[in-house]
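Going by our numbering, the letters in the sequence shown line up with residues 4 to 360, in that order.
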Amino acid sequence: MKTADGSIKDSDGKIIFFSFDRFMSDIVRGNCCFICGVGPKDATFNDEHVLPDWLLRKYRLHDKSVTLPNGTQFRYGGFTVPCCARCNALMGEQFENPIRELFAKGSDEVNRELKENGPWRLFCWMCLIFVKTHLKDQSLNLHLDRRKGNEKIGELHDWGQLHHIHCMARSFYTGCELNAETMGSLLVVPAKVRSHYESFDYVDLSFARTMLLRIDEIAVIAVLDDSQGALNIFSEKLNMIGGPLSPLQAREIAAHFASINLQLAERTVFASEFDILTDKCTIVARRPHQLMLSDWNSEILGGIMHRICDEMLVVFPNKDEISEQIKTGRRTFLVDDNGNFVTNSMELEENGSHQGA
């Protein structure tokens, strides 16, 4: 059944599709459950952490802070979005519990699971985290000084693009089938674990719908709306990877993926299709004949790399020199001048200094 605002409900009244107007009014600007759409007066709420609670506990992040797009710090423990108890429990069953158990088995087991059962659970989980992150932005002030205005960080986002990612994120609830080409670029690679740096990393590049999640020996890098464009375009360089990635190398790949997504010549168009008679919903992708880059601007890559990698350069004695090289978009930490994978990235030398930069 189609509602007056263009949303779609099934025969039981479940919202299968939020129209963009209802998505904005009820989810983005409202306080309804971001999965089912129920209001706080009609159900019990026990808000959902943006990053799963098991991750917060594992890395003792509740009292640590995430850096917001405006440069301010916000405590992970308070990083939550409105969610009803029923949907919260359902996400635990569908995502948090199985993914926690899977990641505990290591990177080989994660890749085996992806090959045998497909990538959809992991990809939709990444979509969930991304959506929650930016829904939270809608309640956070852009300016610390109120005299500069009352704008929210969420006003920086293109909610039209996030509308599709929200549809993907809640597909476990709606039962919508996912067309193969709605899969974005999902890369799961081994990561280094060392005592001299954190075993957890989360990078969110909202403007490029790209994210990195590093959990112990596993790094997951995802572009959520490129129909695997970045993965295909960057595949030759990915084949050069000859071992686990350092945190710096993982962030570099995330920057490449983001830059590619921003510079695609044509974009895939996503849509939700419905069969009113059967209540069947399918999220489809109308992909260009060929996903290719427009005129490549290496400075876009350089700007993104500088933004997310610069803080990791403090351990290197020639930090300023490397930082300037990064801005050009031609500095890499992945391979050396001969095209060989840099295996000693961020390793400690005997004197305690870092190498591989």
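Ideal Cβ placement from N, Cα and C applies to all residues, glycine included.
Write down the C-beta distance between residue i and residue j rounded to the nearest angstrom, noting that I regard them as a contact closer than 8 Å.
i      : j      : result
Met214 : Met129 : 6 Å
Ala211 : Leu248 : With 8 Å as the limit, Ala211 and Leu248 do not qualify as a contact, their Cβ atoms being about 19 Å apart.
Val245 : Thr346 : According to the sequence shown, residue 245 is Gly rather than Val. Their Cβ separation, rounded to whole angstroms, is 7 Å, which keeps Gly245 and Thr346 in contact under 8 Å.
Ile156 : Leu165 : Actually they are not in contact, since the Cβ atoms of Ile156 and Leu165 sit about 13 Å apart, beyond 8 Å.
Ile325 : Leu316 : 5 Å
His309 : Lys330 : 5 Å
Thr271 : Ser230 : 4 Å
Pro72  : Leu159 : 6 Å
Sort out for me which residues DSSP pairs residue i with in a bridge.
i      : result
Phe20  : Ile11
Tyr200 : Note: Tyr200 sits in no beta bridge, so no partner.
Leu275 : Checking the sequence, you will find Ser at residue 275 rather than Leu. Answer by DSSP bridge pairing, in chain order: Ile286.
Phe344 : Val338
Val84  : Glu51
Lys5   : Ile11
Asn144 : Lys155
Nearest to residue i by alpha carbon, out of the options?
i      : options                           : result
Val134 : Gly109, Gly121, Ala107 and Ile168 : Ile168
Ser198 : Asp219, Ile30, Val113 and Gly81   : Asp219
Glu184 : Asp56, Glu324, Asp29 and Ala288   : Ala288
Arg60  : Phe203, Arg333, Trp299 and Gly342 : Phe203
Met243 : Lys283, Phe319, Gly342 and Gln266 : Gly342
Glu352 : Thr335, Pro320 and Arg333         : Pro320
Trp162 : Lys12, Lys139, Leu147 and Ser174  : Lys139
Pro350 : Leu208, Ile30 and Ala194          : Going by the sequence as given, residue 350 is Glu instead of Pro. With distances taken between Cα atoms, Glu350 lies closest to Ala194.
Tyr200 : Gln141, Tyr62 and Arg290          : Tyr62
Asp207 : Lys67, Asn114 and Leu131          : Leu131
Ala107 : Cys90, Ser142 and Trp57           : Trp57
Ala88  : Ile18, Cys36, Met27 and Gly9      : Cys36
Gln328 : Phe344, Val318 and Ser301         : Ser301
Val30  : Ser142, Gly332, Lys240 and Glu314 : Looking at the sequence itself, residue 30 is Ile, so the reference to Val does not match. Residue Ser142 is the option with its Cα nearest to Ile30.
Lys17  : Lys283, Ala92 and Ser230          : Lys283
Gly95  : Val41, Gly80, Phe175 and His160   : Phe175
Ala172 : Thr6, Asn114, Cys127 and Leu159   : Cys127
Leu265 : Lys240, Asp111, Ile236 and Phe20  : Ile236
Ile311 : Glu269, Ala92 and Tyr205          : Tyr205
Thr335 : Lys240, Glu269, Arg290 and Thr285 : Lys240
Ala268 : Asp45, Arg290 and Ile286          : Arg290
Ser22  : Cys170, Leu93, Glu104 and Leu117  : Cys170
Asn91  : Val41, Trp299 and Leu147          : Val41
Phe20  : Gly9, Lys44 and Arg333            : Gly9
Leu93  : Cys39, Thr6, Asp313 and Leu105    : Cys39
Met4   : Arg25, Ile279, Ser348 and Gly332  : Ile279
Thr70  : Val318, Arg333, Ile263 and Glu314 : Glu314
Arg217 : Arg333, Ser262, Ser110 and Ile286 : Ser110
Ile11  : Gly332, Phe344, Thr285 and Glu104 : Thr285
Within the present structure, is the beta-carbon of residue i separated from the nearest heavy atom of the ligand FMN by less than 7 Å?
i      : result
Thr281 : Within the structure as shown, the ligand FMN is missing, as the structure has no ligands at all.
Distance cutoff 8 Å, beta carbons only. Does residue i sit that close to anything in chain C?
i      : result
Thr331 : The question asks about chain C, but that chain is absent: this structure has only one protein chain.
Open item on the list: Which runs of the beta strand (DSSP E) at least 3 residues long sit entirely within the stretch 281-306? Give them in chain order.
Closed with: Counting only runs of 3 or more, we get 283-289.
Task: alpha helix (DSSP H) runs contained entirely in the stretch 47-81, provided each spans 4 or more residues - done: Considered as a whole, the stretch 47-81 harbours 56-61 as its complete alpha helix (DSSP H) runs of no fewer than 4 residues, in chain order.
Task: Every unbroken alpha helix (DSSP H) within the stretch 229-273, with a cutoff of 4 residues, ordered by chain - done: Correct list: 232-236, 238-241 and 250-265.
Task: Complete alpha helix (DSSP H) runs within the stretch 147-225 (minimum length 4 residues, chain order) - done: As summarised for the stretch 147-225, the continuous alpha helix (DSSP H) elements at least 4 residues long and confined to that stretch are 162-172 and 174-177, given in chain order.
TODO: Inspect the CB distances between the stretch 72-88 and the stretch 98-106 and report whether three or more fall short of 8 Å.
DONE: They do not touch, by the three-pair rule.
TODO: Could you say if the stretch 252-270 and the stretch 296-315 meet the contact criterion of at least three C-beta pairs nearer than 8 Å?
DONE: The stretch 252-270 vs the stretch 296-315: in contact.
Open item on the list: Within 8 Å, do at least three Cβ pairs link the stretch 292-300 to the stretch 238-257?
Closed with: Result no; under three Cβ-Cβ pairs closer than 8 Å.
- [ ] Determine, using beta-carbon pairs with one atom in the stretch 77-93 and one in the stretch 46-53, whether at least three such pairs fall under 8 Å.
- [x] By the C-beta criterion, the stretch 77-93 is judged to be in contact with the stretch 46-53, since at least 3 inter-stretch pairs fall below 8 Å.
Task: contact_flag[the stretch 275-294, the stretch 176-195] where n(CB pairs < 8 Å) is 3 or more - done: The stretch 275-294 vs the stretch 176-195: in contact.
Open item on the list: Taking contact to mean 3 or more Cβ pairs, one atom from each stretch, closer than 8 Å, check whether the stretch 111-125 and the stretch 151-163 are in contact.
Closed with: Touching, no, given that fewer than three Cβ pairs across the two stretches are closer than 8 Å.
Task: Stretch pair the stretch 186-195 + the stretch 224-238: three plus CB contacts closer than 8 Å - done: A contact is defined here as three or more CB-CB pairs under 8 Å, and the stretch 186-195 meets this definition with respect to the stretch 224-238.
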